[in-house]
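Engineer: Final position of the sequence shown in UniProt numbering is 99; the numbers increase by one with none missing. Ideal placement from N, C-alpha and C gives every residue a C-beta, glycine not left out. Remember, it's a predicted structure, so these values are computed and weren't measured experimentally.
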Amino acid sequence: MVWAGIMINGRPRLHVVANGTMTGQRYIDEVLLPHVRLFRGAVGDKFIFIDDNATCHRTLAVQDCLDSEGIQRLVMPARSLDLNPIENVRDALERQVAG
């Protein structure tokens, strides 16, 4: 599994999730704290975090982490390609890989 981000003025490095399933705690340890916290600090108070509705993103521990870091999350409808930029990027990536 690969985690990717989208930003107005660039893009973060891809993060490869190896060896197992992405859980809420792994998401906190491997994505939120090392990556998202850094971006929030660089952008400031206007930073809004958007993720998809994957189960690991919706745990209480993840929400507690976001709250404690002062990270505002924009809640998106599940499975809404028109409103979910991450799904649009994933779709474009799949089309490029398929050739």
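Identify the continuous alpha helix (DSSP H) that holds C65 and give its terminal residues.
Structural biologist: As a first step, residue 65 must be located in the sequence shown, where it is residue number 65. Unbroken alpha helix (DSSP H) run through C65: 60-69.
Engineer: Inspect the beta-carbon positions of G99 and R58 and report whether they are closer than 9 Å.
Structural biologist: Along the sequence shown, read from residue 1 onward, the residue named residue 99 stands at position 99. Along the sequence shown, read from residue 1 onward, the residue named residue 58 stands at position 58. For G99 and R58, no; Cβs fall outside 9 Å.
Engineer: Per DSSP, H15 forms a beta bridge with which residues?
Structural biologist: Counting from one through the sequence shown, the residue named residue 15 turns up at place 15. The partner list for H15 (beta bridge, DSSP) reads W3.
Engineer: Which class does I28 belong to by DSSP, given the choice of helix, strand or coil?
Structural biologist: On the sequence shown, position 28 is the one that residue 28 refers to. Helix.
Engineer: Measure from the C-beta of D45 to each C-beta in chain D and report whether the shortest distance is under 9 Å.
Structural biologist: Judged by its chain identifiers, the structure shown contains no chain D, having just a single protein chain.
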